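Participant: One structure coming up, written as structure tokens, with questions to follow.
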Amino acid sequence: MFDELLTIPNLLPKISGDGQHGIDSQTVRNWQNILGNEKAKVDNLEMVLAVVGIMKAGKSTTINAISGSEILPNRNQPMTTLPTLIRHCQGKKDPVLSFVKRQPVEEMVNEVKKKLVELKLNDNLNMVNLNNEKDGQGLINQILNNNYGFFKEHYEGQKQIFKFLQKLNDLVRLAQDPLIDIEFPIEKYENINDLPFIEVEFTHLANFQEVDRGTISLLDTPGPNEYGQGDKLRKILEAQIARASAVLMIVNYNNLKCEAEGEIRERLEGQAGLISDRLFTIVNKFDQKDANSMDENEVKQYVATTLMQGNISQERVYPASARNGYLANRAKQEIEKNGYLPDDDEQGWIDDFGKIAFG
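This is the structure in structure tokens:
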């Protein structure tokens, strides 16, 4: 029906320009995307939980804790360039990332190359910020020398997924350098089915046979203080959040009053009417509290009444430690599988677990 409306000449203006809330072609396209996403969720019996939060709040660690495996890297620099779906897939022990819609990114690489060639001809390549980093120099040389390996459709296992995320991350950093200034084609990924997605079995759901009738996915989204947050990305993220089955906001216990947490609140406030009944908050890093810090009840009250200004109830605020949860679950998995913990020389997380569990 919407396709027919859009093909009728002069029926709908491109953009409603009278200041009124009329129906224009862009509004109809938005409706198409919303219905398309909802149809996909119904067809797959999929519940999508959008995870939002600022950099260093612990989004990746929380997602790893929920899924039960380290599928997203924990780094100090932002790694979420594109919203990414992490989908529970019964029986799939090793994660597989799929990136089907690659052409827009490949076209961006070609545009970046044109700028790099021009900078090199003018002997200004050394002024590119990423050129001062070893990995950045390698990326620039690969693009200039036509050795840049374009993205694959599938990446299997943790190491390959990490490499994909790092590669995409560095590419976006390069494109956004002031001397290059190429915008990431985020508008090409407005439909949730076009996003990169990772399929892996969520360990907490492994023994629940009834989940065969449906599935749950986590939508990892870039935070407001991560680079690449132009108006287009903000609008698309807002649309994805509005379409999600539920929203999980991650805030840092140590930075509850910082400006970036306020940006998250402001973003969600504009959609309060749409998501207030399906919004949940994890106050991460609560294990770092001391005698002078807010206790559990005070944290719940502050987040519900002050940070979110009444748009969430205290019962939906959960002070927690995603890191402790992830480490405890990882240790439990190893003991259930092998009867003992692996040698800490082989597994870097063992030492962290030992310090927390035994001091």
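Count along the sequence shown from 1, then add 300; that gives the number in the working numbering.
Here a beta-carbon is modelled for each residue, glycine too, at the ideal position from N, C-alpha and C.
What you are looking at is a predicted structure, and each value in this text was computed from that prediction instead of being measured.
1) Under a Cβ-count criterion, where at least 16 other Cβ atoms within 10 Å of its own Cβ denotes burial, should Q588 be classed as buried or exposed?
2) Unbroken alpha helix (DSSP H) runs of length 4 or more, entirely within the segment 580 to 612: which are they?
3) To the nearest angstrom, how far is the alpha carbon of V351 from that of E433?
4) Under the DSSP definition of a beta bridge, which residues are partnered with E346?
5) Could you tell me which uninterrupted alpha helix (DSSP H) segments, each at least 4 residues in length, are contained entirely in the segment 617 to 642, listed from first to last along the chain?
6) How big is the Cα-Cα spacing for V603 and Q609?
7) Evaluate the contact criterion for the segment 367 to 374 versus the segment 531 to 548: three or more CB pairs, one atom per stretch, below 8 Å.
8) Does DSSP classify E501 as helix, strand or coil?
9) Go ahead and pull the three-state DSSP assignment for G319.
10) On the DSSP bridge list, what partners appear for I482?
11) For T384, count the other beta carbons within 10 Å of its own beta carbon; 16 or more makes it buried, fewer makes it exposed. Which is it?
12) Is DSSP giving N422 helix, strand or coil here?
13) For the beta strand (DSSP E) containing I550, list its first residue and its last residue.
14) Pull the bridge partners of V384 from the DSSP assignment, please.
15) So for Y489, helix, strand or coil by DSSP?
16) CB-CB under 7 Å to E501, same chain, minus the five flanking residues each way: which ones, in chain order?
17) For L444, which residues from the same chain have a beta carbon less than 8 Å from its beta carbon, with the 5 sequence-adjacent residues on both sides left out?
18) Give every residue of the same chain whose Cβ lies closer than 8 Å to the Cβ of Y618, excluding the five residues on either side of it in the sequence, and list them in chain order.
19) Return the first residue and the last residue of the beta strand (DSSP E) that L397 is part of.
20) Near D435, what residues of its chain come up, given a Cβ to Cβ distance below 7 Å and the 5 sequence neighbours on each side ignored?
21) Apart from the five residues on each side of it in sequence, which residues of its chain come closer than 8 Å, Cβ to Cβ, to Q601?
22) N629 and T503: beta carbons closer than 9 Å?
23) So, does the segment 471 to 478 touch the segment 347 to 361, judging by three or more C-beta pairs under 8 Å?
24) By a C-beta neighbour count over all protein chains shown, 10 Å radius and 16 as the cutoff for buried, is D318 buried or exposed?
25) Within 10 angstroms of the Cβ of G639, are there 16 or more other Cβ atoms? Answer buried if so, exposed if not.
26) Could you give the first and the last residue of the continuous beta strand (DSSP E) run that contains E456?
27) On the three-state DSSP scale, how would you describe G353?
28) I'd like the span of the alpha helix (DSSP H) that includes Q437, first residue to last.
29) Measuring straight from C-alpha to C-alpha, what distance separates K452 and G654?
Facilitator: In short, the structure shows the following:
1) As a working mapping, residue 588 is identified with position 288 in the sequence shown. Q588 comes out exposed.
2) 596 to 601
3) Mapped onto the sequence shown, residue 351 falls at position 51. Mapped onto the sequence shown, residue 433 falls at position 133. Near 31 Å, if we compare the C-alpha coordinates of E433 and V351.
4) Taking the first residue of the sequence shown as 1, we reach residue 346 at position 46. Its beta-bridge partners are T515.
5) 622 to 638
6) Your numbering for residue 603 matches position 303 in the sequence shown. Your numbering for residue 609 matches position 309 in the sequence shown. Their Cα atoms are separated by approximately 8 Å.
7) no
8) Indexing the sequence shown from 1 puts residue 501 at position 201. In the structure shown, E501 sits in coil (DSSP, three-state: anything other than H, G, I, E or B).
9) Sequence index remark: in the sequence shown, residue 319 carries index 19 (1-based). Confidence at G319 is low in this model, with a pLDDT of 48, below 50, so its placement is unreliable and no value can be given for it.
10) As a first step, residue 482 must be located in the sequence shown, where it is residue number 182. I482 is not bridged to any residue.
11) Taking the first residue of the sequence shown as 1, we reach residue 384 at position 84. With 16 or more Cβ atoms within 10 Å of its Cβ, T384 is classed as buried.
12) In the sequence shown, the residue the question calls residue 422 occupies position 122. Coil.
13) Within the sequence shown, numbered from 1, the residue matching residue 550 stands at position 250. Note, I550: beta strand (DSSP E), 546 to 552.
14) One-based indexing of the sequence shown puts residue 384 at position 84. Looking at the sequence provided, one finds Thr at residue 384 rather than Val. DSSP lists D520 as partners of T384.
15) For the purposes of this step, residue 489 is taken as residue 189 along the sequence shown, with counting starting at 1. If DSSP states are grouped into helix, strand and coil, Y489 belongs with the helices.
16) Working through the sequence shown from its first residue, we reach residue 501 at position 201. Around E501: H388, C389, Q390, G391, K392, K393.
17) Reading the sequence shown from its first residue, position 144 is the one you call residue 444. Hits under 8 Å: K413, L416, V417, K420.
18) For the purposes of this step, residue 618 is taken as the residue at position 318 of the sequence shown. Closer than 8 Å at the Cβ level, and outside the excluded window around Y618, lie F580, T581, I582, V583.
19) For the purposes of this step, residue 397 is identified with residue 97 of the sequence shown, where counting begins at 1. Run containing L397: 396 to 398, per the beta strand (DSSP E) assignment.
20) Along the sequence shown, read from residue 1 onward, the residue named residue 435 stands at position 135. D470, listed in sequence order.
21) In the sequence shown, the residue the question calls residue 601 occupies position 301. Q614, listed in sequence order.
22) Residue mapping note: residue 629 aligns to position 329 of the sequence shown, counting from 1. Residue mapping note: residue 503 aligns to position 203 of the sequence shown, counting from 1. Yes, they are a contact pair.
23) no
24) For the purposes of this step, residue 318 is taken as residue 18 along the sequence shown, with counting starting at 1. Residue confidence is low: D318 scores 48 on pLDDT, short of 50, so the model does not pin down where it sits. Its coordinate-derived value is still stated next. D318 is exposed by the Cβ-count criterion.
25) Locating residue 639 in the sequence shown gives position 339, counting from the first residue. By the 10 Å Cβ count, G639 comes out exposed.
26) Taking the sequence shown and counting its residues from 1, the one referred to as residue 456 is at position 156. Run containing E456: 454 to 456, per the beta strand (DSSP E) assignment.
27) If you number the sequence shown from 1, residue 353 lands on position 53. Strand, per DSSP.
28) On the sequence shown, position 137 is the one that residue 437 refers to. From DSSP, the alpha helix (DSSP H) with Q437 extends over 434 to 444.
29) In the sequence shown, residue 452 corresponds to position 152, counting from 1. In the sequence shown, residue 654 corresponds to position 354, counting from 1. Straight-line Cα distance between these residues: approximately 38 Å.
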